[in-house]
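All remarks here apply to the structure that follows.
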Amino acid sequence: PYDIYNCPAHPPKNYPYAWNLLKVLNHWQPDDPTLPEDRKVFQGLCIFDYERDYDKAINYRRKELPFVVVNDPQAKETAKRWNAPGYMEQMLGGVKHRAEYSESNHFLYWNKPRGFKPEKGRFGRRRMNGDRNPLHAPSAEEIKDWKEPTTMLRMTYKEWLSHANLTATGEVVGPDDPHYYFRLIGCGETGPQGECDQGSSEYLFDELPFFQPRETLYVVDPLEQKGIHCRFGMHGVIAENHFDQSRNAIVVLGGERRYILSHPNQCRYLSLLPKGHPSARHSAVDWSDPDLDTYPEFAEAMGNEVVLQAGDVLYLPTNWFHYIISLSLNFQCNTRSGVTPEYLRPLRECGF
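Each residue of the sequence shown is one higher than the last, beginning at 100 in the numbering used here.
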């Protein structure tokens, strides 16, 4: 219905186009980071050139719809700098930062509440308001043996790279092998003295001037900005499907990442782990091998995908679902800037 490389000035009806998620996943299995032979991507998002299509991008952002920006001079310059030999080692030095270890390529966010103890019936099936289809959530019986899905560590960039860059040395790393994630946090106004994180990286605001706390294409409400967060992904790493409760601007500064996106109104089909669960807001479904007997509603879910390369920026409104696959070793940073009310109702009906 529209050309993603030459989108109309204003969002067309039913933008962005979506396909059945099972079709998207079956065509390009998430555990395989290699682009399919037919090179087909089920992309519904518009691609806007920063210089040529800036006004179009503003129109879509005002409607709180997702899109991708390419050829932003500042983003390209940062990507060029971060990929220069030796630059990251010099910038990050020997400071230890947050890292995460998984026994496989799957990373499920978790934050165990203090005193977490599943109570009988607390996480049972619930029905959505006005909908006969149940929203599946695991029962207390199902999660009584819950354990932390990943291990939190601290390490230097050089240490992380020694684990993450195995494919560069010719080693074959499969989905069932250990994988590592690396993280930087620039606290900004959430911690002016860097107190939001040990070894905080306030220099990120200089490295990524397009994410500084001022009103820009990417930062809608500077007063609500929550710092700059960077995650460096190992080849094959998967961040499980989830939604964030604020606007999000995401830039890839090295390598490639595949994003599979869904509208907030798809929450009823995604079998979300509920409030109170350590991995709340995340899908209980293994997207690389969906169990439709346990989660039959997943067969009705819709979505689209996009592959981001170094210098590309994704604008993602509040509560949009995203599932992320690292197609190579990569650097990705994001910043959040306030909440838009457009997509609160669908998630409220799903219990959030």
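Ideal Cβ positions, reconstructed from N, Cα and C, are used throughout, including at glycine. Small disclaimer: the values here were computed from a predicted structure and weren't measured.
Counting every other CB atom within 10 Å of its CB across the protein chains shown gives leucine 391 a total below 16, marking it as exposed. Under the DSSP assignment, lysine 179 falls in the alpha helix (DSSP H) whose first and last residues are 172-181.
Relative to alanine 174, the option among Leu415, Tyr368, Ile349, Ile157 whose CA is nearest is Ile349. Close CB contacts of asparagine 347 within its chain, under the 6 Å cut and outside five residues either way in sequence, are with Leu415, Asn433, Arg435 (chain order). The Cβ atoms of arginine 253 and arginine 330 do not sit closer than 7 Å to each other. Beyond the five residues adjoining it in sequence on each side, arginine 180 comes within less than 7 Å, by CB distance, of Tyr186 in the same chain, given in chain order.
Asparagine 264 is positioned such that its CB atom lies closer than 7 Å to that of leucine 428. For histidine 126, the enclosing alpha helix (DSSP H) begins and ends at 120-126. Straight across, the Cα-Cα distance linking proline 115 with valine 438 is about 20 Å. Taking C-beta atoms under 8 Å as the contact rule, valine 351 and serine 370 fail to qualify, at a distance of about 28 Å.
As DSSP reads the structure, threonine 255 sits in no beta bridge.
DSSP places leucine 164 outside both helix and strand once states are collapsed to three, so it counts as coil. Residue range 278-285 is occupied by the beta strand (DSSP E) that includes tyrosine 279.
In this structure, Pro107 is the residue among Pro107, Glu199, Asn125 with its C-alpha nearest to the C-alpha of asparagine 158.
By the beta-carbon neighbour count (other beta carbons within 10 angstroms, threshold 16), arginine 138 is exposed.
In the three-state reduction of the DSSP assignment, tyrosine 101 falls in the coil class, being assigned neither a helical nor a strand state.
Contact between lysine 195 and glycine 298 holds, with the beta-carbon distance rounding to 6 Å and staying under 8 Å. Counting other Cβ atoms within 10 Å of its Cβ, threonine 250 stays below 16 and is therefore classed as exposed.
C-alpha of proline 274 to C-alpha of tryptophan 127: approximately 15 Å in a straight line.
Pairing threonine 393 with phenylalanine 141, the inter-Cα distance amounts to about 26 Å.
Out of Tyr279, His109, Gln324, Pro172, the CA that lies nearest to the CA of cysteine 286 is found in Gln324. The alpha carbon of proline 395 has as its nearest neighbour, out of Gly402, Trp419, Gln189, Arg367, the alpha carbon of Arg367.
Taking glutamine 408 as the centre and dropping the five residues before and after it, the same chain places the C-beta of Glu355 closer than 6 Å to its C-beta, in chain order. When only Cα atoms are considered, valine 319 and asparagine 364 end up about 23 Å apart. In this chain, the beta strand (DSSP E) harbouring aspartate 148 covers 146-148.
Fully enclosed beta strand (DSSP E) runs of no fewer than 3 residues occupy 337-342, 347-353, 355-361, 401-408, 412-415 of the stretch 336-421, in order along the chain.
Around the beta carbon of aspartate 102, fewer than 16 other beta carbons sit within 10 angstroms, so the residue counts as exposed.
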